[in-house]
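> Here it is, the structure in full.
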Amino acid sequence: MSSEGAFSRGDAAQQSTRHREPSQRYVLFSSRNLGVAVVVVLGLIASALAAYFVARSAADSLLLRFNMDAHERMRSIEMGLDAEGGILASLEGFYGASRKVESHEFGAFVEPELAHRSGVEAVEWLPRVTREGFAAHLVFCDEAGVSDPTIRQGGADGELTPVDMASGTEWFPVLYVASSRPIANVQGLDRGSEPIMREAMMRARDEGIPVATQAIATRHGDVEQRRVFVFQPIYINDRPRVHRDQRRKNLHGFVASRFLPWPVVEGALSKLNEASIDVAIFDLGSGAEPIAGGDPLYLHHVAGRASLPADEYPEFVAETNVSVADRTWLIRCRPTSEYFSGTSLLAPLGTFIAGLLVTALGAAYVGMLLWQRRRISRVVERRTHELAVKNADLRQEIEARESVEEELKRSNAELAQFAYVASHDLQEPLRMVASYCQLLERKHGDAVGESGRKFIHYAVDGAKRMQALISDLLEYSRITTREERMLSVDLDDVVDQVLANLATAIEESGATVERSALPHVIGSAPHLMQLFQNLIANAIKFRGVAPPHVVIDCTAVEAESAQAEARSERVLSVSDNGIGIAPEHQERVFEVFKRLHGRAEFAGTGIGLAVCKKVVERHGGQIWIESDVGTGTRFLFTLPLQ
1099 MSSEGAFSRG DAAQQSTRHR EPSQRYVLFS SRNLGVAVVV VLGLIASALA AYFVARSAAD
1159 SLLLRFNMDA HERMRSIEMG LDAEGGILAS LEGFYGASRK VESHEFGAFV EPELAHRSGV
1219 EAVEWLPRVT REGFAAHLVF CDEAGVSDPT IRQGGADGEL TPVDMASGTE WFPVLYVASS
1279 RPIANVQGLD RGSEPIMREA MMRARDEGIP VATQAIATRH GDVEQRRVFV FQPIYINDRP
1339 RVHRDQRRKN LHGFVASRFL PWPVVEGALS KLNEASIDVA IFDLGSGAEP IAGGDPLYLH
1399 HVAGRASLPA DEYPEFVAET NVSVADRTWL IRCRPTSEYF SGTSLLAPLG TFIAGLLVTA
1459 LGAAYVGMLL WQRRRISRVV ERRTHELAVK NADLRQEIEA RESVEEELKR SNAELAQFAY
1519 VASHDLQEPL RMVASYCQLL ERKHGDAVGE SGRKFIHYAV DGAKRMQALI SDLLEYSRIT
1579 TREERMLSVD LDDVVDQVLA NLATAIEESG ATVERSALPH VIGSAPHLMQ LFQNLIANAI
1639 KFRGVAPPHV VIDCTAVEAE SAQAEARSER VLSVSDNGIG IAPEHQERVF EVFKRLHGRA
1699 EFAGTGIGLA VCKKVVERHG GQIWIESDVG TGTRFLFTLP LQ
């Protein structure tokens, strides 16, 4: 008999029990380990993800802070450059209001302006002197007290030598100079003899706009300075200047500013908080002559800080383009390596450690859960209570936010009302100034003389223009602040009312208006009337030699019409045969205060087309331009049918 057969039946049952109990304990132990292992793995994954997102959030926060710092610097520099360029526009108006400008008048006008500008080191008056008009130039110099009327040109050694009058037909000598700091004597220097400057001057003359040269490097001892000359053409008063041939024929001369970029940039940066950000400015050239890669005008490096390698952190580069006369300057900001010194790894590391602790607690909790099921109810109760507390806190936060939003709406309404009242209160003093100046002219015109009456006229004209500007600004603000009901509007009725309003202007200009049948659209009748009135009035104002011819139509390019049809819209257009708009200016005309012509050519505040754009966008549409100089202009815009 085998040894196994020696066991009795009861012993066999007892043996089976002894073997089964360890097996059951092993299964329970394995299940517990599996649950803990799952918690640990999920906890590690969650901790790693949390640490990653915290690090990513810190990087995004740093990038956002850099973009804000860089934008603040670029905006400050842009504002400084815009302020510096206003002196030439002022001089254009000054010459436009004067028949003859003498040296002391030029200095009295320019020197106060230079006191407020750090970048413009000098302003020059360069009259156009032709071979036929040289004798008249000598007479004018004698009357103006110019001791030496000799016209000179610069030599290779820097010396000024008289020009050969027989070798040219026209010259642009420096006649008047006003400067903010001591400069070399350039009296009589012919700026037209310098190729870079002559090219800019001729382009300014032909286009009728201020034109800047590329940067010109000069050395003062061991310091190299890069300056730019900006030329503003001045035309003979009361002479036509609409076409290029007219501008060439009726050119009176140029006012030129000698502009140093670095004082403007340094002044703009000095007003801001210290930050480890390098700033560079590059000249990208003009639209006609772009410069590949840009010409460096200014490089600002934070002293004592290491530069960031150009191939590292490509996202930490902020750039913007600004217009200086007809040229485009690129402002670029990059952080130094010190900018990242405040970035700490403690936050993601702390998050990961906290995640590990939570994971350990979770694993212990799961292990305890398998052995202490009777405590589940108390745990659930405690968690439910915590959730209720958090929900109560969340409801309080929502109520607080709703209260703040309501207060913000009330504040915006009060601000809109304040703007309306303030604009009316501003107009009343202007009306008083204009009225009393006119009364002064009527009662004491003989006593103040011709120049006094002229100054009174300037004051009245300025007050009236300010009234018009305030009125236009108020109307512009009303488009967004005043609620208008959107109803079905017959555009034929709207155009009829607009033509009735403009009847006098149409009759005086000899304009003709051609129109097709227009649809009904959903919108605000007063705003749509303002839209059509501004576009038709502009067509009459900016007319060419021929009488204005305006076409109002409801057709457009076929593809655009099909797209508009799918959106239940119509593409409408207002076309004219006027002076047209150059392609590079077609986006700018919709901006507030952006004018392409001086007030001596066309009156206005520069808000009309901005109002048109706001009206169209308020109706959910778009507006754009098809035009070129001398070919007329076509304004196209979409309006919803329903």
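Numbering (our numbering), first residue to last: 1099 to 1740. Ideal Cβ placement from N, Cα and C applies to all residues, glycine included.
In its own chain, which residues sit with a C-beta less than 8 Å from the C-beta of residue 1596, not counting the 5 before and 5 after it?
One-based indexing of the sequence shown puts residue 1596 at position 498. Counting only Cβ-Cβ distances below 8 Å, and skipping sequence neighbours, we find 1627, 1630, 1631 and 1634.
> Are the Cβ atoms of residue 1587 and residue 1623 separated by less than 7 Å?
Within the sequence shown, residue 1587 is the residue found at index 489, counting from 1. Within the sequence shown, residue 1623 is the residue found at index 525, counting from 1. Contact flag set, yes.
> So does the segment 1228-1243 actually touch the segment 1206-1218, counting three or more Cβ pairs closer than 8 Å?
Verdict: no, contact absent.
> Around the C-beta of residue 1347, are 16 or more other C-beta atoms found within 10 angstroms, so that it is buried, or is it exposed?
For the purposes of this step, residue 1347 is taken as the residue at position 249 of the sequence shown. Exposed, since its Cβ has fewer than 16 Cβ neighbours within 10 Å.
> Have a look at residue 1303 and residue 1193 and give me their C-alpha separation to the nearest angstrom.
As a position in the sequence shown, residue 1303 is number 205, starting the count at 1. As a position in the sequence shown, residue 1193 is number 95, starting the count at 1. Approximately 16 Å, taken between the alpha carbons.
> Per the DSSP calculation, residue 1610 is bridged to which residue(s)?
Numbered from its first residue, the sequence shown carries residue 1610 at position 512. Looking at the DSSP assignment, residue 1610 forms a beta bridge with 1647.
> Over the uninterrupted alpha helix (DSSP H) stretch that includes residue 1064, give me the two end residues.
Residue 1064 lies beyond the stretch modelled for the chain, which goes from 1099 to 1740, so this question has no answer here.
> Ends of the beta strand (DSSP E) at residue 1220?
Within the sequence shown, the letter at position 122 stands for residue 1220. Segment 1218-1225, the beta strand (DSSP E) holding residue 1220.
> Looking at the secondary structure, which residues open and close the alpha helix (DSSP H) in which residue 1210 lies?
Here residue 1210 refers to the residue found at position 112 of the sequence shown. Run containing residue 1210: 1201-1213, per the alpha helix (DSSP H) assignment.
> In whole angstroms, what separates the C-alpha of residue 1371 from that of residue 1508?
On the sequence shown, position 273 is the one that residue 1371 refers to. On the sequence shown, position 410 is the one that residue 1508 refers to. Their Cα atoms are separated by approximately 34 Å.
> If you count every other CB in all the chains shown that lies within 10 Å of the CB of residue 1278, and 16 or more means buried, which is it?
For the purposes of this step, residue 1278 is taken as residue 180 along the sequence shown, with counting starting at 1. Classification for residue 1278: buried.
> Can you tell me which residues form a DSSP beta bridge with residue 1737?
Locating residue 1737 in the sequence shown gives position 639, counting from the first residue. 1668.
> Using the C-alpha atoms, what's the distance from residue 1301 back to residue 1387?
Numbered from 1 along the sequence shown, position 289 holds the residue referred to as residue 1387. Numbered from 1 along the sequence shown, position 203 holds the residue referred to as residue 1301. Distance between the alpha carbons of residue 1387 and residue 1301: 12 Å.
> What whole-angstrom Cβ distance do residue 1682 and residue 1708 have, given they're in contact under 8 Å?
In the sequence shown, residue 1682 corresponds to position 584, counting from 1. In the sequence shown, residue 1708 corresponds to position 610, counting from 1. Actually they are not in contact, since the Cβ atoms of residue 1682 and residue 1708 sit about 18 Å apart, beyond 8 Å.
> Figure out for me which residue from 1600, 1643 and 1585 has the closest Cα to the Cα of residue 1621.
For the purposes of this step, residue 1621 is identified with residue 523 of the sequence shown, where counting begins at 1. It is 1585.
> Mapping DSSP to helix, strand and coil, what is residue 1652?
Taking the first residue of the sequence shown as 1, we reach residue 1652 at position 554. The answer is coil: DSSP assigns residue 1652 none of H, G, I, E or B.
> Could you tell me which residues DSSP pairs with residue 1251 in its beta bridges?
The residue labelled residue 1251 in the question sits at position 153 within the sequence shown. According to DSSP, residue 1251 bridges with 1259.
> Between the segment 1274-1293 and the segment 1389-1399, do three or more beta carbon pairs fall short of 8 Å?
The segment 1274-1293 is not in contact with the segment 1389-1399.
> Since residue 1170 sits in a beta bridge, which residues does DSSP pair it with?
For this step, residue 1170 is matched to residue 72 along the sequence shown. DSSP lists no partner for residue 1170.
> How about residue 1363: is its C-beta nearer than 7 Å to some C-beta of chain B?
Absent from the structure: chain B. Only one protein chain is present.
> Thinking residue 1671 and residue 1638 are a contact (beta carbons under 8 Å), I'd like their distance in whole angstroms, please.
Within the sequence shown, numbered from 1, the residue matching residue 1671 stands at position 573. Within the sequence shown, numbered from 1, the residue matching residue 1638 stands at position 540. At roughly 17 Å, the Cβ-Cβ gap does not stay under 8 Å, so residue 1671 and residue 1638 are not in contact.
> Of the residues 1313, 1144, 1538 and 1140, which one's Cα is nearest the Cα of residue 1449?
As a position in the sequence shown, residue 1449 is number 351, starting the count at 1. Nearest of 1313, 1144, 1538 and 1140 to residue 1449, Cα basis: 1144.
> Quick check on residue 1720: does DSSP put it in helix, strand or coil?
Residue 1720 sits at position 622 when you count from the first residue of the sequence shown. Here residue 1720 sits in coil by DSSP.
> For residue 1498, count the other beta carbons within 10 Å of its own beta carbon; 16 or more makes it buried, fewer makes it exposed. Which is it?
Here residue 1498 is taken as the residue at index 400 of the sequence shown, counted from 1. So residue 1498 ends up on the exposed side.
> Are the segment 1308-1315 and the segment 1338-1352 in contact at 8 Å, needing three or more beta carbon pairs?
In short, these stretches do not touch, since the Cβ pair count stays below three.
> By the three-class DSSP mapping on this structure, what secondary structure does residue 1268 have?
Numbered from its first residue, the sequence shown carries residue 1268 at position 170. Strand at residue 1268.
> Taking only the alpha-carbon atoms, compute the straight-line gap between residue 1222 and residue 1676 and give it to the nearest angstrom.
Position 124 of the sequence shown holds residue 1222. Position 578 of the sequence shown holds residue 1676. Looking at the two C-alpha atoms, the distance is approximately 35 Å.
> Going by the DSSP bridge assignment, what does residue 1332 pair with across the sheet?
Start at 1 with the first residue of the sequence shown, and residue 1332 comes out as number 234. Paired residues: 1351.
> What separation, rounded to the nearest whole angstrom, lies between the Cα atoms of residue 1178 and residue 1299?
Residue numbering aside, residue 1178 sits at position 80 when the sequence shown is read from its first letter. Residue numbering aside, residue 1299 sits at position 201 when the sequence shown is read from its first letter. Rounded to the nearest angstrom, the two C-alpha atoms are 24 Å apart.
> In whole angstroms, what separates the C-alpha of residue 1186 from that of residue 1225?
The residue given as residue 1186 occupies position 88 in the sequence shown. The residue given as residue 1225 occupies position 127 in the sequence shown. Cα-Cα distance, rounded: 15 Å.
> Just reading off the beta strand (DSSP E) that residue 1397 is part of, what are its end residues?
Taking the sequence shown and counting its residues from 1, one reaches residue 1397 at position 299. It spans 1388-1398 - the beta strand (DSSP E) in which residue 1397 sits, taken as one unbroken run.
> Where does residue 1756 sit, in a helix, a strand or coil, going by DSSP?
What the structure shows of the chain is the stretch from 1099 to 1740, and residue 1756 is not part of that stretch, so it cannot be assessed.
> Specify, as a first and last residue, the run of the alpha helix (DSSP H) that residue 1276 falls within.
Indexing the sequence shown from 1 puts residue 1276 at position 178. Not the alpha helix (DSSP H): residue 1276 falls in the beta strand (DSSP E), residues 1274-1277.
> So, with DSSP's three-state summary, where would you put residue 1729?
Start at 1 with the first residue of the sequence shown, and residue 1729 comes out as number 631. Here residue 1729 sits in coil by DSSP.
> Excluding sequence positions up to five away, which residues of its chain have a Cβ less than 7 Å from the Cβ of residue 1358?
Translated into positions along the sequence shown, residue 1358 becomes position 260. Once the five neighbours on either side are set aside, the close Cβ partners of residue 1358 are 1217, 1219, 1323 and 1325.
> Could you give the distance in angstroms between the alpha-carbon of residue 1478 and the alpha-carbon of residue 1459?
For the purposes of this step, residue 1478 is taken as the residue at position 380 of the sequence shown. For the purposes of this step, residue 1459 is taken as the residue at position 361 of the sequence shown. Rounded to the nearest angstrom, the two C-alpha atoms are 16 Å apart.
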